[in-house]
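Residue 123 is where the sequence shown starts when you use our numbering, and the numbers rise one by one after that. Yeah, the Cβ is synthetic: ideal placement off N, Cα and C, and Gly gets one too. Here the structure is a predicted model, which means the values were calculated and not measured.
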Amino acid sequence: MQFATIKMIPLAGAVALALAGNAAADDLVVKIGHVAPISGPSAHLGKDNEDGAKMAIEDLNAKGITIGGKKAKFVLLAEDDGGDPKQGTAVAQKLVDAKVNGVIGHLNSGTTIPASKIYFDAGIPQVSPSATAVQYTLNHRNTAFRVCANDGQIGGTLGRYAAQTLQAKKIAVIDDATAYGQGVAAQFSKAARSTAGVNIIATEHTTDKATDFNAILTKIRGTNPDVIFFGGMDSVGGPMLRQMKALGIKSKFMGGDGICTEEGLPKLAGDGLGESQVYCAEAGGVDPSGQKAMDAWRASYKKRFGVDVQIYAPYVYDAVMTMVEAMKQAGSSEPAKYLPVLAKIKYQGITGNIEFDQNGDMKTGTMTLYTYKGGKRERVSVIH
123 MQFATIKMIP LAGAVALALA GNAAADDLVV KIGHVAPISG PSAHLGKDNE
173 DGAKMAIEDL NAKGITIGGK KAKFVLLAED DGGDPKQGTA VAQKLVDAKV
223 NGVIGHLNSG TTIPASKIYF DAGIPQVSPS ATAVQYTLNH RNTAFRVCAN
273 DGQIGGTLGR YAAQTLQAKK IAVIDDATAY GQGVAAQFSK AARSTAGVNI
323 IATEHTTDKA TDFNAILTKI RGTNPDVIFF GGMDSVGGPM LRQMKALGIK
373 SKFMGGDGIC TEEGLPKLAG DGLGESQVYC AEAGGVDPSG QKAMDAWRAS
423 YKKRFGVDVQ IYAPYVYDAV MTMVEAMKQA GSSEPAKYLP VLAKIKYQGI
473 TGNIEFDQNG DMKTGTMTLY TYKGGKRERV SVIH
């Protein structure tokens, strides 16, 4: 497999690696790495992430940030991991070799976790905007952080919602055999089972590249579940919903943030989306007091890139800004100097207050619960 070459993305376009080309001789060049799947089935989510990083870099350069008394020139080194763990570790090493000051990413838990060892060994801070597997921050690697809720919080919330609000008694669970899919499905099952009278009547597995689910769904149909939970991404969840409709399955369909896309799932599911049939939770969310700022940011994003936000772009933006805030407070962009500041940071971002616990997880794991009506995603509630 060929690996993507490093792309340098400064304020307004590509520039060769000659240390940001147009930066003044006495400027401090700060290289921020970003990794997401720009190819493969989750490429639409990876592009969303990369664009969030681009927007942050552009805004930082427009503000004229100073670090330790020097004007900083921020440069984005963007990499494609294809959602593949081997490719993820390869590009992680490329960023380390390029001597980046910090890394934002990866998108998927399955690539984020193995890459985190490489960044840890190099002492480079890593902030993931979207990797939710609990194990990511439990590896005793003090360079690993995330700005979203983890699978325990997301899966647990959805499991309780299925049992208590949707009054589900019989639940079937499917995962895509990835670290993310298995993790969020396990946490969902654990929470659902904690409610008296709830039974997990089927547990099935597919892959993150599968397209035919008829055998699994036909088997599940015979159990007549109230809810089918899917641990995976919208690229699989969408076609699964189409096939559920074709088989006459009318169960509620639930999933984590991987399926909870604004445009992707409706497009992929088509008329299988149904009306208030799908429930999902996004890792993060703003209260009404912060909605105006979020709406303004989303409008700016659409104006800049010509498309709506998928899911994670605002969290990528906040991840970049939080990392740079730590550099500013530390008076240095050197990883060893700003890492301790990052661990104790308090930053008010567009996605809410960002503050890490001793593991690098968010202290407040806010989530937003959604359903879909009329082919559009509709917010149900923000849960703390």
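- Residue closest to Asn346, alpha-carbon to alpha-carbon, out of Ser455, Asn321, Gly303: The count along the sequence shown starts at 1 and reaches residue 346 at position 224. Minimum Cα distance to Asn346 is reached at Asn321.
- Query: If we call anything under 8 Å between Cβ atoms a contact, is Val256 one with Gly210?
  - Reply: As a first step, residue 256 is located in the sequence shown; it is residue number 134 there, counting from the start. As a first step, residue 210 is located in the sequence shown; it is residue number 88 there, counting from the start. Their beta carbons are not under 8 Å apart, which means Val256 does not touch Gly210 by this criterion.
- Message: I'd like the list of long-range same chain contacts for Arg499, defined as Cβ closer than 6 Å, with 5 residues on each side in sequence excluded.
- Response: The residue given as residue 499 occupies position 377 in the sequence shown. Excluding sequence positions up to five before and after Arg499, its CB lies within less than 6 Å of the CB of Glu384, Tyr492, all in the same chain and listed in chain order.
- Item | Reference Ile293, options Phe375, Ser357, Gly190, Phe427, closest by Cα | As a position in the sequence shown, residue 293 is number 171, starting the count at 1. Comparing Cα positions, the closest option is Phe375.
- Message: Give me the residue from Gly496, Asp483, Tyr494, Val504 with the minimum Cα distance to Asp273.
- Response: Counted from its first residue, the sequence shown places residue 273 at position 151. The shortest C-alpha separation from Asp273 is found at Asp483.
- Leaving out five residues before and five after Ala266 in sequence, what residues of the same chain have Cβ atoms less than 8 Å from its Cβ? If you number the sequence shown from 1, residue 266 lands on position 144. Same-chain partners within the cutoff: Ser238, Tyr241, Phe242, Gln248, Ser250, Tyr258, Thr259, Gly482.
- Tell whether a beta-carbon distance below 8 Å holds between Lys153 and Asn264. One-based indexing of the sequence shown puts residue 153 at position 31. One-based indexing of the sequence shown puts residue 264 at position 142. Taking 8 Å as the Cβ cut-off, Lys153 and Asn264 do not qualify as a contacting pair.
- Message: Pop quiz: Gly360 and Leu387 are said to be a contact at Cβ under 8 Å. What is the actual Cβ separation, rounded to whole angstroms?
- Response: Along the sequence shown, read from residue 1 onward, the residue named residue 360 stands at position 238. Along the sequence shown, read from residue 1 onward, the residue named residue 387 stands at position 265. The Cβ separation is near 5 Å, so the contact holds.
- Would you call Asn171 buried or exposed, if buried means 16 or more other Cβ atoms sit within 10 Å of its Cβ? As a working mapping, residue 171 is identified with position 49 in the sequence shown. Its Cβ being crowded by 16 or more others within 10 Å, Asn171 is buried.
- Task: Taking all protein chains shown into account, decide if Val446 is buried (16 or more other Cβ within 10 angstroms of its Cβ) or exposed.
- Result: For the purposes of this step, residue 446 is identified with residue 324 of the sequence shown, where counting begins at 1. Looking at its Cβ environment, which holds 16 or more other Cβ atoms inside 10 Å, Val446 is buried.
- Message: I'd like to confirm the pairing. Which residues does DSSP put opposite Asn321 in its beta bridges?
- Response: Mapped onto the sequence shown, residue 321 falls at position 199. Partner(s): Lys292.
- Task: Let me know if Ala368 comes out buried or exposed under the rule of 16 or more other beta-carbons within 10 Å of its beta-carbon.
- Result: Position 246 of the sequence shown, counted from the first residue, corresponds to residue 368. The residue in question, Ala368, is exposed, as its Cβ has fewer than 16 Cβ neighbours within 10 Å.
- Looking only at C-alpha atoms, which of Tyr283, Ala332, Lys485 sits nearest to Ala271? Here residue 271 is taken as the residue at index 149 of the sequence shown, counted from 1. When each option's Cα is compared against that of Ala271, the closest is Lys485.
- Label Ser164 either buried or exposed according to how many other C-beta atoms from any shown protein chain fall within 10 Å of its C-beta, with 16 as the threshold for buried. Along the sequence shown, one-based indexing puts residue 164 at 42. The residue in question, Ser164, is buried, as its Cβ has 16 or more Cβ neighbours within 10 Å.
- Message: Assess contact between the segment 338-357 and the segment 276-288, defined as three or more Cβ pairs (one per stretch) separated by less than 8 Å. Is contact present?
- Response: yes
- Between Ala178, Lys192, Asp148, Ile179, which lies nearest to Ser454 when the distance is taken from Cα to Cα? Position 332 of the sequence shown, counted from the start, is the residue given in the question as residue 454. Per the Cα distances, Lys192.
- Message: Less than 7 Å between C-beta atoms, sequence neighbours within five positions excluded: which residues of the same chain meet that for Gln399?
- Response: Counted from its first residue, the sequence shown places residue 399 at position 277. Taken in chain order, the residues that qualify are Lys374, Phe375.
- Item | Pro171, enclosing beta strand (DSSP E) - first and last residue | By one-based count along the sequence shown, residue 171 stands at place 49. Checking the sequence shown, residue 171 turns out to be Asn, not Pro. Per DSSP, Asn171 belongs to no beta strand (DSSP E); it is in the alpha helix (DSSP H), 165-185.
- Query: Taking DSSP as the reference, what is the three-state secondary structure of Thr488?
  - Reply: The residue you call residue 488 lines up with position 366 of the sequence shown. Of the three classes helix, strand and coil, the one that applies to Thr488 here is coil, per DSSP.
- Item | C-alpha distance - Lys312 paired with Asp334, whole-angstrom precision | For the purposes of this step, residue 312 is identified with residue 190 of the sequence shown, where counting begins at 1. For the purposes of this step, residue 334 is identified with residue 212 of the sequence shown, where counting begins at 1. For Lys312 and Asp334, the distance between alpha carbons rounds to 27 Å.
- Those runs of the alpha helix (DSSP H) which lie wholly inside the segment 433-490 and span at least 4 residues: If we require 4 residues or more, the alpha helix (DSSP H) runs fully inside the segment 433-490 come out as 435-452, 457-465.
- If Ile235 sits next to His156, beta carbons under 8 Å apart, how far is it from one beta carbon to the other, in whole angstroms? The residue you call residue 235 lines up with position 113 of the sequence shown. The residue you call residue 156 lines up with position 34 of the sequence shown. Contact flag wrong, Cβ pair sits at about 17 Å.
- In angstroms with no decimal places, state the Cα-to-Cα distance between Ala178 and Ile189. Within the sequence shown, numbered from 1, the residue matching residue 178 stands at position 56. Within the sequence shown, numbered from 1, the residue matching residue 189 stands at position 67. Cα-Cα distance, rounded: 16 Å.
- Query: Alpha carbon to alpha carbon, how far is Asp173 from Gln470?
  - Reply: Working through the sequence shown from its first residue, we reach residue 173 at position 51. Working through the sequence shown from its first residue, we reach residue 470 at position 348. Within the model, the alpha-carbon separation for Asp173 versus Gln470 is close to 21 Å.
- Task: Could you check how far apart the C-beta atoms of Glu397 and Lys495 are, in whole angstroms? I think they sit under 8 Å.
- Result: Walking along the sequence shown from the start, residue 397 turns up at place 275. Walking along the sequence shown from the start, residue 495 turns up at place 373. Contact holds; Cβ gap of about 6 Å.
- Can you give the Cα-Cα distance for Asp393 and Met489, rounded to whole angstroms? Taking the first residue of the sequence shown as position 1, residue 393 is located at position 271. Taking the first residue of the sequence shown as position 1, residue 489 is located at position 367. Taking the straight line from one Cα to the other gives about 27 Å.
- Message: Using CA atoms only, rank isn't needed, just tell me which of Lys208, Ala253, Asp219 is closest to Asn230.
- Response: For the purposes of this step, residue 230 is identified with residue 108 of the sequence shown, where counting begins at 1. Minimum Cα distance to Asn230 is reached at Ala253.
- Message: How far does the alpha helix (DSSP H) with Arg343 in it extend, from its first residue to its last?
- Response: The count along the sequence shown starts at 1 and reaches residue 343 at position 221. Start and end: 336-343.
- Query: What residue does the beta strand (DSSP E) around Ala405 start on, and which one ends it?
  - Reply: Translated into the one-based positions of the sequence shown, residue 405 becomes position 283. Its beta strand (DSSP E) spans residues 400-405.
- Task: Use the C-beta contact count for His262: other C-beta atoms within 10 angstroms, 16 or more gives buried, fewer gives exposed.
- Result: Within the sequence shown, numbered from 1, the residue matching residue 262 stands at position 140. When all chains shown are included, His262 counts as exposed.
- Task: In the DSSP assignment, find the alpha helix (DSSP H) that holds Arg263 and state where it starts and stops.
- Result: As a first step, residue 263 is located in the sequence shown; it is residue number 141 there, counting from the start. Unbroken run through Arg263: none, as it is neither H nor E.
- Query: Is DSSP giving Ala301 helix, strand or coil here?
  - Reply: Here residue 301 corresponds to residue number 179 of the sequence shown, with the count starting at 1. Reduced to three states, the DSSP call for Ala301 is helix.
- Can you check DSSP and say which residues form a bridge with Ile154? Within the sequence shown, residue 154 is the residue found at index 32, counting from 1. Checking the DSSP bridge columns, you'll see Ile154 partnered with Leu198, Gly224.
- Message: DSSP three-state label for Gly503, please.
- Response: Start at 1 with the first residue of the sequence shown, and residue 503 comes out as number 381. Checking the displayed sequence, the identity of residue 503 turns out to be Ser instead of Gly. Three-state DSSP puts Ser503 in a strand.
- Item | Between the CA atoms of Lys208 and Gln365 - distance to the nearest angstrom | Within the sequence shown, numbered from 1, the residue matching residue 365 stands at position 243. Within the sequence shown, numbered from 1, the residue matching residue 208 stands at position 86. Cα-Cα distance, rounded: 32 Å.
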